[in-house]
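Here's the structure, in C-alpha coordinates; my notes come after.
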Amino acid sequence: MRTKLMFQGANNNLGEALQFLREYDNEASSMCTRVTEAQWLYATNITEQNRKRMVDALSLQAKLDRVSWQKVIQFSWSSLPDPMARRQLQMLALKGRAALPQEKQNEVRK
5 MRTKLMFQGA NNNLGEALQF LREYDNEASS MCTRVTEAQW LYATNITEQN
55 RKRMVDALSL QAKLDRVSWQ KVIQFSWSSL PDPMARRQLQ MLALKGRAAL
105 PQEKQNEVRK
(Lines of atoms letter the chains of each structure in order from A and count residues from 1; the text may use other names and numbers.)
(Lines give C-alpha, C1' and ligand atoms only; values in the text may rest on other atoms or scores of the structure.)
Protein backbone atom coordinates (compact mmCIF):
# COMPACT_ATOMS: atom_id res chain seq x y z
CA MET A 1 0.00 0.00 0.00
CA ARG A 2 1.38 3.42 -0.97
CA THR A 3 1.28 6.27 1.47
CA LYS A 4 0.05 9.61 0.20
CA LEU A 5 2.09 12.49 1.55
CA MET A 6 0.39 15.86 1.82
CA PHE A 7 1.84 19.01 3.22
CA GLN A 8 0.21 22.14 4.51
CA GLY A 9 1.29 25.44 5.97
CA ALA A 10 -0.24 27.98 8.32
CA ASN A 11 -2.11 30.28 5.89
CA ASN A 12 -5.84 29.78 6.48
CA ASN A 13 -7.01 32.90 4.61
CA LEU A 14 -9.93 31.71 2.47
CA GLY A 15 -9.79 34.76 0.18
CA GLU A 16 -6.15 34.12 -0.67
CA ALA A 17 -6.84 30.43 -1.20
CA LEU A 18 -9.72 31.16 -3.59
CA GLN A 19 -7.62 33.72 -5.47
CA PHE A 20 -4.82 31.17 -5.82
CA LEU A 21 -7.29 28.55 -7.11
CA ARG A 22 -8.69 30.97 -9.73
CA GLU A 23 -5.20 31.85 -10.93
CA TYR A 24 -4.13 28.22 -10.91
CA ASP A 25 -7.19 27.20 -12.92
CA ASN A 26 -6.40 29.77 -15.63
CA GLU A 27 -2.70 28.93 -15.79
CA ALA A 28 -3.14 25.16 -15.63
CA SER A 29 -5.88 25.20 -18.27
CA SER A 30 -3.72 27.24 -20.63
CA MET A 31 -0.73 24.98 -19.96
CA CYS A 32 -2.79 21.84 -20.58
CA THR A 33 -3.84 23.19 -23.97
CA ARG A 34 -0.26 24.07 -24.83
CA VAL A 35 1.07 20.64 -23.87
CA THR A 36 -1.73 18.80 -25.67
CA GLU A 37 -1.14 20.78 -28.86
CA ALA A 38 2.62 20.13 -28.70
CA GLN A 39 2.07 16.41 -28.11
CA TRP A 40 -0.45 16.22 -30.94
CA LEU A 41 1.87 18.05 -33.31
CA TYR A 42 4.67 15.62 -32.51
CA ALA A 43 2.41 12.57 -32.78
CA THR A 44 1.16 13.63 -36.20
CA ASN A 45 4.43 14.99 -37.58
CA ILE A 46 7.43 13.34 -35.97
CA THR A 47 10.34 15.71 -36.42
CA GLU A 48 13.15 16.78 -34.13
CA GLN A 49 11.75 20.31 -33.99
CA ASN A 50 8.31 19.05 -32.90
CA ARG A 51 9.89 16.75 -30.33
CA LYS A 52 11.79 19.71 -28.89
CA ARG A 53 8.58 21.76 -28.73
CA MET A 54 6.85 18.92 -26.92
CA VAL A 55 9.71 18.47 -24.43
CA ASP A 56 9.82 22.23 -23.83
CA ALA A 57 6.06 22.32 -23.19
CA LEU A 58 6.33 19.39 -20.78
CA SER A 59 9.20 21.12 -18.97
CA LEU A 60 7.13 24.27 -18.58
CA GLN A 61 4.24 22.21 -17.27
CA ALA A 62 6.51 20.55 -14.72
CA LYS A 63 7.76 23.96 -13.61
CA LEU A 64 4.17 25.22 -13.22
CA ASP A 65 3.31 22.11 -11.22
CA ARG A 66 6.33 22.59 -8.95
CA VAL A 67 5.67 26.31 -8.36
CA SER A 68 1.96 25.70 -7.77
CA TRP A 69 2.69 22.87 -5.34
CA GLN A 70 5.04 25.12 -3.40
CA LYS A 71 2.27 27.72 -3.13
CA VAL A 72 -0.39 25.17 -2.17
CA ILE A 73 1.59 23.77 0.73
CA GLN A 74 1.66 27.22 2.31
CA PHE A 75 -2.09 26.98 2.93
CA SER A 76 -3.63 25.26 5.91
CA TRP A 77 -6.18 23.74 3.56
CA SER A 78 -7.67 21.31 6.10
CA SER A 79 -8.87 24.24 8.24
CA LEU A 80 -10.55 26.22 5.44
CA PRO A 81 -14.34 26.56 5.85
CA ASP A 82 -15.12 26.12 2.13
CA PRO A 83 -15.33 22.37 1.36
CA MET A 84 -14.70 22.82 -2.39
CA ALA A 85 -11.58 24.94 -1.83
CA ARG A 86 -10.40 22.50 0.82
CA ARG A 87 -10.81 19.54 -1.55
CA GLN A 88 -9.10 21.28 -4.47
CA LEU A 89 -6.13 22.35 -2.37
CA GLN A 90 -5.91 18.90 -0.83
CA MET A 91 -5.64 17.32 -4.27
CA LEU A 92 -3.00 19.83 -5.33
CA ALA A 93 -1.05 19.26 -2.10
CA LEU A 94 -0.47 15.58 -2.81
CA LYS A 95 3.24 15.01 -2.97
CA GLY A 96 3.97 13.86 -6.47
CA ARG A 97 6.33 14.74 -9.28
CA ALA A 98 6.05 18.43 -8.40
CA ALA A 99 7.98 17.75 -5.21
CA LEU A 100 10.90 16.19 -7.06
CA PRO A 101 14.03 18.19 -7.78
CA GLN A 102 14.47 19.23 -11.43
CA GLU A 103 17.09 16.52 -12.11
CA LYS A 104 14.75 13.75 -10.93
CA GLN A 105 11.87 15.18 -12.97
CA ASN A 106 14.07 15.01 -16.05
CA GLU A 107 14.83 11.35 -15.27
CA VAL A 108 11.14 10.52 -14.88
CA ARG A 109 10.30 12.27 -18.15
CA LYS A 110 12.86 10.20 -20.11
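In terms of this note's numbering, the sequence shown opens at residue 5 and continues consecutively. Even for Gly, the Cβ is constructed at its ideal location relative to N, Cα and C.
Do residue i and residue j have their C-beta atoms closer together than 8 Å?
| i | j | result |
| --- | --- | --- |
| GLN65 | MET95 | no |
| LEU84 | ALA21 | yes |
| GLN23 | ILE77 | no |
Leaving out five residues on either side along the sequence, give the residues of the same chain with a beta carbon under 8 Å from the beta carbon of residue i.
| i | result |
| --- | --- |
| LEU25 | ALA89, GLN92, LEU93 |
| ALA16 | For the sequence presented, residue 16 should be read as Asn rather than Ala. Taken in chain order, the residues that qualify are PHE79, SER80, SER83, LEU84. |
Which same chain residues end up closer than 6 Å to residue i when comparing Cβ atoms and leaving out the 5 residues on each side of it in sequence?
| i | result |
| --- | --- |
| TYR28 | SER72 |
| ARG38 | ALA61 |
| ALA14 | SER80 |
Just confirm the distance between the C-beta atoms of residue i and residue j, as a whole number of angstroms; I'd bet it's less than 8 Å.
| i | j | result |
| --- | --- | --- |
| LEU62 | ALA32 | Between ALA32 and LEU62 the Cβ distance is about 14 Å, and since that is not below 8 Å, they are no contact. |
Using C-beta distances below 7 Å, list every residue in its chain close to residue i, excluding the 5 sequence neighbours before and after it, in chain order.
| i | result |
| --- | --- |
| ASN54 | LEU45, TYR46 |
| ALA42 | ARG57, MET58, ALA61 |
| LEU18 | LEU84, PRO85, ASP86, ALA89 |
Since residue i sits in a beta bridge, which residues does DSSP pair it with?
| i | result |
| --- | --- |
| ASN15 | PHE79 |
Item to complete: Return the chain-ordered ranges of every beta strand (DSSP E) run that is complete within the region 36–86 and spans a minimum of 3 residues.
Response: none
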